[in-house]
Amino acid sequence: MTDHKYIDSHGKALEDYPQPSVAVDTAVLSLDADNELVVLLVRRPSGRGWALPGTFLHDRERLAHAVDRCLQDKANIRGLRPRQLQVFDKPGRDKRGWVLSVAHIQVVQPHQLESRSSERTTLALARDPGKLPYDHPEIVEYALADLRARYVDRPDPDGLLGEEFTLRELRSAHEAVAGHNLDRDAFRRLMEPLIQPTGTFVNEGRGRPAQKFRRGSPPARRRRRGQLTMPRDTD
622 MTDHKYIDSH GKALEDYPQP SVAVDTAVLS LDADNELVVL LVRRPSGRGW
672 ALPGTFLHDR ERLAHAVDRC LQDKANIRGL RPRQLQVFDK PGRDKRGWVL
722 SVAHIQVVQP HQLESRSSER TTLALARDPG KLPYDHPEIV EYALADLRAR
772 YVDRPDPDGL LGEEFTLREL RSAHEAVAGH NLDRDAFRRL MEPLIQPTGT
822 FVNEGRGRPA QKFRRGSPPA RRRRRGQLTM PRDTD
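Take the position in the sequence shown, starting the count at 1, then add 621; the result is the number in this note's numbering.
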């Protein structure tokens with residue numbers, strides 16, 4: 622059987638079309654000790670400045686493998702499963718040539734970053750990561766917008782917290798994502814149908830011990846998104 626070379630309707634074969642390089646860049650987000658949302662950055666090869674962890678796709682390599690390889694090689698982080706976020710394809714985004722970036726996002730708990738290389742990585746405020754190369758600032762902004770949309774009406778859906786948490790801890794995590802304070806009572810009313818008490822309590826300072834919760838199953842009927850934006854805390 623003879624293999625026929627593919628020719629499209631314009632009379633061109635695949636090799637007749639220009640082929641860009643493909644890169645993967647990942648926004649790894651977590652909370653710091655001050656309950657601020659932070660993004661993982663890696664030192665650039667020149668040693669000057671920081672960037673999102675990224676790498677070029679190898680021949681026949683899957684995107685997920687490239688992301689995993691990059692995080693291991695550049696940050697010494699293993700076992701994450703980032704999800705695809707957006708393709709960044711602005712012409713001229715990379716001075717080295719025609720490069721498309723498939724951006725990914727990964728949300729982790731602080732302990733998942735304990736293995737990171739302290740010499741080659743740093744954590745920067747996600748809302749102000751500093752000067753970054755290429756369109757990495759846009760990738761961080763896109764990741765933040767994506768995360769904020771996911772956190773509007775679900776209790777910590779990406780797992781910034783552990784399996785169990787208090788309402789105060791949950792609200793603090795959502796405030797870190799939102800970038801502003803949330804009304805305490807409105808937040809409680811929104812989240813209580815979506816979480817389940819564990820039957821355990823913990824001291825959070827003055828007052829009665831705080832009840833711990835875990836994420837529950839979402840209700841069958843969801844409210845409209847427009848009704849779920851919580852106002853700023855006016856206390």
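Where a beta carbon is used, it is the ideal one built from N, C-alpha and C, also for glycine.
Would you list the residues sitting across from residue i in a DSSP beta bridge?
| i | result |
| --- | --- |
| I726 | A648, R704 |
| Q832 | F822 |
| S642 | V720 |
Do residue j and residue i come within 9 Å of each other at the CB atom, strictly closer than that value?
| i | j | result |
| --- | --- | --- |
| D646 | L678 | no |
| V798 | R836 | no |
| P776 | L815 | yes |
| P830 | N824 | yes |
| L650 | V708 | no |
| D767 | L706 | yes |
| R683 | L692 | no |
| D655 | T676 | no |
| P641 | G713 | no |
| A794 | L782 | yes |
| R771 | D779 | yes |
Less than 8 Å between the CB atoms is what I'm expecting for residue i and residue j, so what's the real figure, rounded?
| i | j | result |
| --- | --- | --- |
| V663 | A696 | 6 Å |
| D756 | K716 | Rounded, the Cβ-Cβ distance is 12 Å, inconsistent with contact. |
| G670 | P754 | 7 Å |
| P731 | L652 | 6 Å |
| G800 | R737 | About 24 Å; that fails the 8 Å criterion. |
| L803 | E796 | 5 Å |
Check your understanding: Counting pairs of beta carbons, one from the region 739 to 758 and one from the region 652 to 668, are three or more of them closer than 8 Å?
Key -> Result yes; three or more Cβ-Cβ pairs closer than 8 Å.
Exercise for review: Count the CB pairs spanning the region 635 to 650 and the region 716 to 725 that are closer than 8 Å, and state whether there are at least three.
Suggested key: yes
Practice item. Would you mind listing the alpha helix (DSSP H) stretches within the region 739 to 826 that are 4+ residues and don't spill past its ends, in chain order? Key: 757 to 771, 788 to 799, 805 to 812
Review point. Within the chosen definition, does the region 783 to 800 reach the region 819 to 836 through at least 3 CB pairs nearer than 8 Å?
Key: yes
Review point. Counting only runs that start and end within the region 652 to 705, where is the beta strand (DSSP E) found for 3 or more residues in a row?
Key: 658 to 664, 675 to 677
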